[in-house]
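Taking it in order: structure first as structure tokens, then the write-up.
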Ligand SMILES: Cc1cc2nc3c(=O)[nH]c(=O)nc-3n(C[C@H](O)[C@H](O)[C@H](O)COP(=O)(O)OP(=O)(O)OC[C@H]3O[C@@H](n4cnc5c(N)ncnc54)[C@H](O)[C@@H]3O)c2cc1C
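Numbering (this note's numbering), first residue to last: 4 to 656.
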């Protein structure tokens, strides 16, 4: 008899309109699917499974009622499970705030192949981790992190295979820091790979999060540093503009790398191995494919942690810095009275549009109850929609993101449906809100030097100066008024303090003290909380990523470790920084090997968020996403010969 069938939701053959959430892997050991439809049910996620004999199958779904946390109203994220098109009896996502196995129902199945679909009912972020089918009516799968992890691995037969390649540098994380490190490594001719857990690159600067790049590049003492960061910055987008997904140019950035050989998308770093004779040396990372669950061991001489959450440094046992240091720690006047977990908050940025007609939004009864005295009369979002300032940005990220989503939805629903001033929002549409949100600050890592407010303000000179900070000290705090009103703030305020003149970050902040072959990038750098607040902007972090790529090339050439670049080969690094990474200037439009068709179609016709419908093709002439049939026929009719010498054909021939 079949013992049980375990289906990881994120490995379903067709995800439909569901989004994979990769952020809680450290917290609960799995990725999960999210029905992020902004109040409109998303398309079904569908997969197939096989049964060996006729039996009554009992179907369990690992899910939760995410709005039960706020103890009000109907569960927001409800969905159903369909098997061979038939809905099972129970509505899912309704049994309390904790992740748990909810019984979807029972069904008799003949031997053979069956379809299974997650059918969203609300568009309000229902979620599914996995589905388990068993003929044993008494069996309930384990739920604890450890036992469930073991159970998953046994049923999914997960084994780790070896990547046959040996890399000079493995870059973990494909935000601005990781990408700039990768391009510098590529230009310096070393063998590298970027491992990025999302379907797109760019991190906070991608279409998934939509933050505009800040900070200046090509400034003293190394005016040729920053060419890469400048080239990656959006060509058309800029602060103050509406954040259309296309303006973040995810594809232009990923097209700079050879797919799979230099850049792995949808692949997460989940483990690290160190040399048994020298635990300070990382030998390999274990990565997991988000879409297939396959795990791979990847070996390298050098590693760079550009994950923003210091995932690799933490796995390798490095000293982690978190929160705001008290004044006594580094003698900073802007340090707090005593050390605190306070970090700059996470933001689920959102966008609205004014339409020429009335736009409805569901009148929801869950989450915080807003009224005319506590609602925020906002027409748009800004940087200040911020949550989780006192929480752990890695282990509590699901709650932190959910608090951002819930407050936005509940406030917007009130403005649209019940506010005395609701006429002002009549034609406004909540067009987009980030499904994963952006982290401003998370774990930092101890390097050989921790940069502080004193270094920046007193302009302490260091011989290993690299790229310069040009942003202000920009500290965010939970807005006291918002905190008083709601208990936990979802709005922040900022304190800015100009740094007078630019200040270069020392090289010793760019590698870990406790792991000999680990470079640091981006938000993981060795900085105090106060110093972090002005180093953290994307062009600056990108420029420092270029320095890491250059230093890695010196390590390979000299057969040395990152620390020796400071102690023995600093002159070589200085020459490399003086030279910079020559880059072709970004094209005005359609750079790289990309080809694309641009059709104007009504919003939502093909899942398009605006009237712009773009269909991109990679260098081999393959579409980078499924082309709707109707558009496919238009392309056939146009009969344009692509760079690969062939026109597009619906049949693919
Ligand atoms: C709302 C908001 C507003 C901001 N405003 C500005 C601004 O105006 N200008 C500005 O320049 N900066 C701004 N910042 C700061 C800036 O965006 C970040 O500091 C910067 O993007 C950090 O870059 P990064 O590459 O270090 O990290 P990220 O951009 O976070 O990229 C890290 C990448 O690593 C991936 N990753 C994480 N874990 C793993 C893993 N285990 N395996 C593989 N990949 C992994 C992540 O998915 C992510 O894509 C803002 C940030 C936020 C959140």
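Cβ atoms here follow ideal geometry from the backbone N, Cα and C, with glycine treated the same way.
For the pair residue 412 and residue 127, the CB atoms are nearer than the 9 Å cut-off.
Taking the Cβ of residue 349 as the reference point, at least one heavy atom of ligand 1 falls within a distance shorter than 8 Å. Taking non-hydrogen atoms of ligand 1 into account, the C-beta of residue 534 is found less than 8 Å away from none of them. Excluding residues up to 5 positions away in sequence, 492 lie with their Cβ nearer than 7 Å to the Cβ of residue 486 in the same chain. With 16 or more other Cβ atoms inside 10 Å of its own Cβ, residue 409 counts as buried.
Annotation: the continuous beta strand (DSSP E) that includes residue 106 extends over 103-112. Annotated three-state conformation of residue 436 is strand, per DSSP. If you look at residue 483, you'll find it in the alpha helix (DSSP H) that goes 483-489.
A residue is called buried once 16 or more other Cβ atoms fall within 10 Å of its Cβ, and residue 184 is buried on that count.
The criterion of a C-beta distance shorter than 9 Å is satisfied by residue 488 and residue 377. Set against 8 Å, the gap from the CB of residue 525 to the closest heavy atom of ligand 1 is smaller. In terms of CA proximity to residue 129, 438 leads the group 545, 119 and 438. The alpha helix (DSSP H) runs lying completely inside the region 392-435 and spanning 4 residues or more are 400-420, given in chain order. The beta-carbon separation of residue 112 and residue 54, rounded to 5 Å, stays under the 8 Å limit for a contact. Listed in chain order, the non-local C-beta contacts of residue 468 below 7 Å within the same chain comprise 224, 507 and 509, local neighbours out to five positions each way being set aside. The region 216-231 makes contact with the region 457-472; the number of CB pairs closer than 8 Å reaches 3 or more. CA-CA distance, residue 390 to residue 379, rounds to 15 Å.
Per DSSP, the beta-bridge partners of residue 178 are 205. Straight across, the Cα-Cα distance linking residue 201 with residue 269 is about 5 Å. When rounded, the separation of the alpha-carbon atoms in residue 579 and residue 547 is 13 Å. Three or more Cβ pairs closer than 8 Å define a contact, and the region 422-434 falls short of that threshold against the region 391-405. Proximity of the region 64-76 to the region 93-111 meets the contact definition, three or more beta-carbon pairs being nearer than 8 Å. Under the 10 Å beta carbon count, residue 358 is surrounded by fewer than 16 other beta carbons and is classified as exposed. In this structure, residue 484 has its beta carbon at no less than 8 Å from each heavy atom of ligand 1. In the DSSP assignment, residue 265 falls outside any beta strand (DSSP E) and carries neither an H nor an E. Beta-bridge partners assigned by DSSP to residue 164: 299.
In this structure, 349 is the residue among 87, 349 and 552 with its C-alpha nearest to the C-alpha of residue 394.
Taking a C-beta distance under 9 Å as the contact criterion, residue 26 and residue 354 do not qualify as a contact pair.
Measuring C-alpha to C-alpha distances from residue 315 to each of 522, 8 and 500 identifies 522 as the nearest. For residue 458, the uninterrupted alpha helix (DSSP H) run begins and ends at 456-461, by DSSP. For residue 281, the three-state secondary structure derived from DSSP is strand. Proximity of the beta carbon of residue 270 to ligand 1 is indicated: a heavy atom of the ligand is located closer than 8 Å. Distances from the CA of residue 611 to each of 630, 399, 623 and 621 were compared; the closest alpha carbon is that of 630.
Within the same chain, and ignoring the five residues on either side of residue 59 in sequence, the residues whose Cβ sits closer than 7 Å to its Cβ are 109, 111 and 138.
Cβ-Cβ distances below 6 Å link residue 169 to 302 in the same chain, with the five nearest sequence neighbours on each side left out; the list follows chain order.
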